[in-house]
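Participant:
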Ligand SMILES: CC(C)(COP(=O)(O)OP(=O)(O)OC[C@H]1O[C@@H](n2cnc3c(N)ncnc32)[C@H](O)[C@@H]1OP(=O)(O)O)[C@@H](O)C(=O)NCCC(=O)NCCS
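Numbering (this note's numbering), first residue to last: 88 to 267.
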């Protein structure tokens, strides 16, 4: 990935990651309305609000909204974000080149089957490979989101303590380049 533009990440395991566009807003809104995602994301928004959100993110430097597919079937929503521009920067000793990931598997039939851990590993591998200055990929799942924490752990992320964020207590999960 170039530091100042849309991602061009090449993911392993037949994953395909592409920037989300406003044409994806309806599907993302539907994914986000499902209880297994709403509980953790709390972004059960209208299609119009999602279209606006995607446009705003795409126009800025903070984060990159993406749709992820496996074997050509879209199944989830991913946000890649620059920690230095994120609220997370106030909560740990970040490096300017740290990247963060938010993930949601929208296709309920694919949840809890090991797809998430493969995706998280592939995302971290691809970010570390694409941005040579990046030494760490991080995430901040809610401390009570056991499936997410377990999936991150299985993807090679390590727990680095709890963070008190405005809306939740999170676990800082870190994947180091040196662990690749
Ligand atoms: C988090 C998420 C991406 C993980 O992907 P996934 O494909 O479901 O995860 P995996 O199948 O790879 O791993 C799930 C792990 O949680 C465990 N698990 C599943 N349900 C669980 C539950 N209710 N309580 C505790 N552990 C649970 C599974 O056993 C597995 O762990 P194990 O193999 O160590 O036993 C996906 O579940 C998701 O999109 N959830 C909703 C949104 C979300 O929480 N996003 C993350 C915000 S940081």
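For every residue, glycine included, the Cβ atom is placed at its ideal position computed from N, Cα and C.
Going by the C-beta, is residue 199 closer than 7 Å to any heavy atom of ligand 2?
Facilitator: Annotation note on ligand 2: not contained in the displayed structure, which lists ligand 1 as its ligands.
Participant: Between residue 185 and residue 221, which are expected to be in contact by the criterion C-beta below 8 Å, what is the C-beta distance as a whole number of angstroms?
Facilitator: Contact flag correct, Cβ pair sits at about 7 Å.
Participant: Compare the C-alpha of residue 260 against each of 231, 253 and 236 and name the closest.
Facilitator: Out of 231, 253 and 236, 236 has the C-alpha closest to the C-alpha of residue 260.
Participant: What are the partner residues of residue 119, as DSSP defines its beta bridges?
Facilitator: Paired residues: none, contrary to the question.
Participant: Going by CA-CA distance only, name the one from 233, 262, 181 and 248 that's closest to residue 213.
Facilitator: The residue with the shortest Cα to Cα distance from residue 213 is 262.
Participant: Could you name the residues that DSSP lists as bridge partners for residue 270?
Facilitator: Here the chain covers residues 88 to 267 and nothing more, so residue 270 does not appear.
Participant: Report the residue from 138, 157, 134 and 125 whose alpha carbon sits nearest the alpha carbon of residue 109.
Facilitator: Checking every option, the nearest Cα to that of residue 109 belongs to 138.
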